[in-house]
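The structure appears below as structure tokens.
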Amino acid sequence: MRAGSSRMASDININLYNSLFEDATKRQRTSAPTSELGQYMATNFLITLRPEDFTNFDILAWWKEREIQFPILSAMARDLLTVQASTVASESTFSISVDRVQHETSLEGPILEDVEETIAREEVDLRISPPNTELDEASADTVETSFDVQNLTVNRLCQNIVITAVNGSLPGPTITAKEGDTVIAHVFNRSPYNLTIHWHGVFQRLTPWADGPVFITQCPIRPGGNYTYMFNLTGQEGTLWWHAHVQWLRATVYGALVILPRDGQNYPFVNPYLEDTILLGEWWNANVIDVENTALASGAAPVDADAYTFNGWPGDLFNTCVSTNTYRLNVEPGRTYLLRIINAALNTQFFFKIANHSMTVVGADAAYTNPYQTDVLVLGPGQTHDVLMTANQSPGLYYMTASPYATAAGVTFNGNTTSGIIAYQNSTQTTPPILPVIPASNDTVTAFAFSSNLTSLVTSRFWSPVPLTVDENMFITMGLGLSPCNSTTNCTGIFGQRLSASMNNRSFVLPSQVSLLEAVFRNISGVYTTDFPDTPPLIFDYTNANNSFDQSGLLFAPKLTSVRRFKYNATVQVVFQNTALIGVENHPMHLHGFNFYVLAQGFGNYNSTTDTQKFNLVNPQERNTIGVPVGGWAVIRFRADNPGAWYTHCHLDVHLSWGLGMVLLVDNGGTPESTLPPPPADLPQC
Numbered sequence: 016m017r018a019g020s021s022r023m024a025s026d027i028n029i030n031l032y033n034s035l036f037e038d039a040t041k042r043q044r045t046s047a048p049t050s051e052l053g054q055y056m057a058t059n060f061l062i063t064l065r066p067e068d069f070t071n072f073d074i075l076a077w078w079k080e081r082e083i084q085f086p087i088l089s090a091m092a093r094d095l096l097t098v099q100a101s102t103v104a105s106e107s108t109f110s111i112s113v114d115r116v117q118h119e120t121s122l123e124g125p126i127l128e129d130v131e132e133t134i135a136r137e138e139v140d141l142r143i144s145p146p147n148t149e150l151d152e153a154s155a156d157t158v159e160t161s162f163d164v165q166n167l168t169v170n171r172l173c174q175n176i177v178i179t180a181v182n183g184s185l186p187g188p189t190i191t192a193k194e195g196d197t198v199i200a201h202v203f204n205r206s207p208y209n210l211t212i213h214w215h216g217v218f219q220r221l222t223p224w225a226d227g228p229v230f231i232t233q234c235p236i237r238p239g240g241n242y243t244y245m246f247n248l249t250g251q252e253g254t255l256w257w258h259a260h261v262q263w264l265r266a267t268v269y270g271a272l273v274i275l276p277r278d279g280q281n282y283p284f285v286n287p288y289l290e291d292t293i294l295l296g297e298w299w300n301a302n303v304i305d306v307e308n309t310a311l312a313s314g315a316a317p318v319d320a321d322a323y324t325f326n327g328w329p330g331d332l333f334n335t336c337v338s339t340n341t342y343r344l345n346v347e348p349g350r351t352y353l354l355r356i357i358n359a360a361l362n363t364q365f366f367f368k369i370a371n372h373s374m375t376v377v378g379a380d381a382a383y384t385n386p387y388q389t390d391v392l393v394l395g396p397g398q399t400h401d402v403l404m405t406a407n408q409s410p411g412l413y414y415m416t417a418s419p420y421a422t423a424a425g426v427t428f429n430g431n432t433t434s435g436i437i438a439y440q441n442s443t444q445t446t447p448p449i450l451p452v453i454p455a456s457n458d459t460v461t462a463f464a465f466s467s468n469l470t471s472l473v474t475s476r477f478w479s480p481v482p483l484t485v486d487e488n489m490f491i492t493m494g495l496g497l498s499p500c501n502s503t504t505n506c507t508g509i510f511g512q513r514l515s516a517s518m519n520n521r522s523f524v525l526p527s528q529v530s531l532l533e534a535v536f537r538n539i540s541g542v543y544t545t546d547f548p549d550t551p552p553l554i555f556d557y558t559n560a561n562n563s564f565d566q567s568g569l570l571f572a573p574k575l576t577s578v579r580r581f582k583y584n585a586t587v588q589v590v591f592q593n594t595a596l597i598g599v600e601n602h603p604m605h606l607h608g609f610n611f612y613v614l615a616q617g618f619g620n621y622n623s624t625t626d627t628q629k630f631n632l633v634n635p636q637e638r639n640t641i642g643v644p645v646g647g648w649a650v651i652r653f654r655a656d657n658p659g660a661w662y663t664h665c666h667l668d669v670h671l672s673w674g675l676g677m678v679l680l681v682d683n684g685g686t687p688e689s690t691l692p693p694p695p696a697d698l699p700q701c
């Protein structure tokens with residue numbers, strides 16, 4: 016729509032929108048949530064439109080003609096105004112005012128106020144070029160960097176500790192690239208430990224040798240060795256990160272990977288004044304490899320972290336040692352900032368808050384979301400969120416906090432809070448910063464409300480509609496268990512055994528002589544089996560706590576290297592079902608090589624008859640890591656269009672080392688563009 020236009024186009028599929036309106040009306044009569052109706056209509060209509068259609072389609076005239084009422088109007092305003100603003104013809108102006116809404120729709124009172132808020136939030140008076148969704152090779156660059164990995168002595172909590180770090184810093188360096196760029200990272204291992212680097216969330220299309228999980232896609236880089244990772248960032252924008260993928264080294268070997276829009280493209284939200292990256296982590300006053308090895312040797316759980324960190328520092332809320340290095344973000348009143356928040360912790364999920372400030376989520380795991388306003392974020396290990404924050408409070412000092420979300424009953428954890436500070440320009444405050452209300456560590460209601468309310472921005476240039484036909488269905492139970500002690504010394508796990516973990520009663524064991532991907536490529540036998548089951552071997556009341564310590568075959572899972580094989584381009588649906596074995600807790604499940612759609616989440620045992628009615632097939636959130644609710648389930652769907660061996664595992668590293676993982680093996684597709692290439696010449700050898 017051009018400013019002042021009042022003509023409705025006759026060459027676009029208005030009939031479809033009319034039928035969608037009728038469908039939405041029927042849904043409203045059947046008690047469908049009215050707040051979702053306009054979004055449903057807008058989403059389906061937008062799929063059929065071309066960018067040039069918007070210059071002739073007068074949304075307000077259409078509203079007036081059908082007397083559409085709020086909240087359908089408000090939802091449509093949010094979705095349609097956003098996409099129309101970002102797709103108007105070059106050098107055309109799109110504008111809309113509250114006065115025009117009132118004049119042309121006869122809205123008044125609270126309804127008008129709500130629409131006014133919507134328009135203000137989507138304030139549009141832009142002159143921008145239409146998006147170019149085709150690859151523009153000329154705008155793609157090569158970003159080349161080197162990682163020098165070696166020991167580093169740092170002081171935290173008033174103690175000097177030797178850690179493994181990249182380029183002498185904690186966190187490691189941020190890699191900033193544009194969508195479409197190629198990243199080349201030369202990694203030199205000068206540490207005393209085996210090493211790999213995983214590029215968390217990167218699709219690695221035709222570059223699976225660069226994915227990084229040890230013994231899955233490569234053998235480790237031995238001390239003194241090196242390896243060059245090379246991959247492309249096409250089709251992704253937002254915040255990802257990188258980390259070590261050998262034992263617990265990622266406790267200190269990690270950093271951000273920021274993917275900006277390519278030249279000539281814009282964010283699908285208001286441009287921020289400044290951007291900032293926040294990495295949340297965990298800290299031990301010990302060598303983390305020793306911490307892990309000690310726990311594995313005893314069969315018990317590892318000791319808790321001594322602190323949580325905010326860009327590498329515990330902050331000044333830890334009583335054991337007051338920090339003078341609390342992270343500080345200086346802001347100007349009235350400015351809007353884009354915060355890229357990453358949970359790089361090993362074993363802890365976090366609530367993130369900013370005192371007296373709200374946040375608007377605009378991205379998750381490098382996929383754009385519909386704007387979602389909240390005063391709290393929930394991040395499992397591996398997850399990222401991009402949020403807009405406006406400095407709209409009185410000048411002063413305000414804490415940013417990350418506190419643990421701990422769901423395993425009876426399990427110890429560090430209950431402290433890590434912090435940073437928002438500092439307003441010219442603030443004269445001499446008292447301590449204002450502290451937000453910290454959620455209870457077991458506040459699952461808040462956690463679920465946040466994680467289940469995110470939806471995808473379907474007008475993003477990278478969005479693809481959810482595949483509606485499913486080729487492969489999997490129902491995967493997951494949880495803790497035990498394995499026999501088999502030791503000359505006593506094991507200190509439950510019942511004198513070793514703690515373990517499994518998926519569908521298979522506890523995953525890494526290969527040791529060759530990587531799984533190389534075994535696939537070279538057709539090496541005896542490394543893995545392709546018999547990972549689609550369903551658990553035993554159907555039982557999965558989340559019933561009375562079964563937590565049932566030793567009649569439920570707790571002890573065999574240790575195997577089994578994978579599930581898929582044909583290229585198959586649509587795969589997976590139900591992740593939590594179990595109460597040993598205890599229930601939230602599991603952040605990460606899938607390498609793909610994003611997936613989160614169709615639904617819930618508590619208790621998944622019911623295929625009733626829970627499928629909860630599926631969001633219109634705009635489900637798109638992620639690479641999903642926190643499966645404590646004592647509950649989550650359903651994901653993705654298209655297996657990326658040949659390779661893709662690790663699927665819990666991102667709580669304590670569970671990963673116990674075996675809570677498996678591998679999805681995707682076959683070649685029969686064309687050069689869908690065929691696994693040979694490994695690079697410098698791929699580390701076992």
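With the numbering used here applied, the sequence shown has no gaps in its numbers, which climb one by one up to 701 at the end. Backbone N, C-alpha and C define an ideal beta-carbon position, used for all residues, glycine too.
When DSSP labels each residue in this structure, what does residue i get in the three-state scheme?
i, result
"Gln628", "helix"
"Thr478", "Position check: residue 478 holds Trp in this sequence, whereas Thr was assumed. Reduced to three states, the DSSP call for Trp478 is coil."
"His372", "coil"
"Met537", "Note that residue 537 is Arg in the sequence shown here, rather than Met. Residue state, collapsed to three classes: coil."
"Val669", "helix"
"Gly296", "strand"
"Ile509", "helix"
"Pro687", "helix"
"Asn71", "Interpretation of Asn71 is limited by its pLDDT of 46, a score under 50 that renders its predicted location unreliable; no figure is taken from the coordinates."
"Asp331", "coil"
"Asn175", "strand"
"Leu248", "coil"
"Ser442", "coil"
"Gln84", "Because Gln84 sits at a pLDDT of 44, beneath the cut-off of 50, its placement in the model cannot be relied upon, and the following sentence gives the value as read from the coordinates. It is coil, neither helix nor strand."
"Ile304", "helix"
"Val229", "strand"
"Leu221", "coil"
"Ser418", "strand"
"Val393", "strand"
"Ala595", "coil"
"Leu570", "coil"
Is residue i close to chain C, meaning its C-beta is less than 8 angstroms from at least one C-beta of that chain?
i, result
"Val481", "No chain C appears in the structure shown, which is made up of a single protein chain."
What does residue i pair with, by DSSP beta-bridge criteria?
i, result
"Arg580", "Leu680"
"Pro635", "Thr470"
"His215", "Trp256"
"Asn610", "DSSP output for Asn610 lists no bridge partner at all."
"Ala180", "Gln165"
"Ile641", "Met604"
"Ala431", "Note on residue identity: the sequence assigns Asn, not Ala, to residue 431. None, per the DSSP bridge assignment."
Given a threshold of 16 other Cβ atoms within 10 Å of its Cβ, counted over all protein chains shown, does residue i qualify as buried or as exposed?
i, result
"Pro228", "buried"
"Met651", "In the sequence as displayed, the identity of residue 651 is Ile instead of Met. Ile651 comes out buried."
"Ser498", "buried"
"Gln700", "exposed"
"Gln388", "exposed"
"Lys574", "exposed"
"Pro658", "buried"
"Ser530", "buried"
Taking one C-beta from the region 191–209 and one from the region 153–169 each time, how about it: are there three or more such pairs within less than 8 angstroms? The region 191–209 makes contact with the region 153–169; the number of CB pairs closer than 8 angstroms reaches 3 or more.
Would you be able to state if there are at least three C-beta pairs under 8 angstroms between the region 638–649 and the region 393–400? Note that the region 393–400 touches the region 638–649; at least 3 beta-carbon pairs, one per stretch, sit closer than 8 angstroms.
Three or more C-beta pairs under 8 angstroms: does that hold for the region 317–326 against the region 275–288? Taking a cut-off of 8 angstroms on C-beta distances, the region 317–326 does not touch the region 275–288, as fewer than three cross pairs fall below it.
Looking at C-beta atoms only, is the number of pairs between the region 183–193 and the region 221–237 that lie closer than 8 angstroms three or more? These segments do not touch.
Pair every Cβ in the region 252–261 with every Cβ in the region 199–218, then say whether three or more of these pairs are closer than 8 angstroms. Enough Cβ pairs lie closer than 8 angstroms, so yes.
Taking 8 angstroms as the cut-off, does the region 547–564 touch the region 584–601 (at least 3 CB pairs, one atom from each stretch)? Contact between the region 584–601 and the region 547–564 is present, because at least three Cβ pairs lie under 8 angstroms.
Measuring CB atoms only, is the region 425–443 touching the region 582–591, in the sense that at least three cross pairs come out at less than 8 angstroms? Touching, no.
Inspect the CB distances between the region 625–635 and the region 467–485 and report whether three or more fall short of 8 angstroms. Touching, per the Cβ criterion.
Do the region 516–530 and the region 666–683 make contact, defined as three or more Cβ pairs closer than 8 angstroms? A contact exists between the region 516–530 and the region 666–683.
Should the region 414–422 be called in touch with the region 360–376, which here means at least 3 C-beta pairs below 8 angstroms? Three or more Cβ pairs drawn from the region 414–422 and the region 360–376 lie within less than 8 angstroms of each other, which places the two stretches in contact.
Would you check if there are 3 or more beta carbon pairs closer than 8 angstroms linking the region 509–520 to the region 286–295? Using a Cβ-Cβ distance cut-off of 8 angstroms, the region 509–520 and the region 286–295 are not in contact, since fewer than three pairs of beta carbons, one from each stretch, lie closer than that value.
Is there contact between the region 549–561 and the region 452–460, where contact requires at least three CB pairs shorter than 8 angstroms? These segments do not touch.
Does the contact criterion of 3 or more C-beta pairs under 8 angstroms hold for the region 376–386 versus the region 356–363? A contact is defined here as three or more CB-CB pairs under 8 angstroms, and the region 376–386 fails this definition with respect to the region 356–363.
Can at least three beta-carbon pairs, one atom from the region 653–672 and one from the region 404–413, be found at a separation below 8 angstroms? Using a C-beta cut-off of 8 angstroms, the region 653–672 makes no contact with the region 404–413, since fewer than three inter-stretch Cβ pairs fall below that distance.
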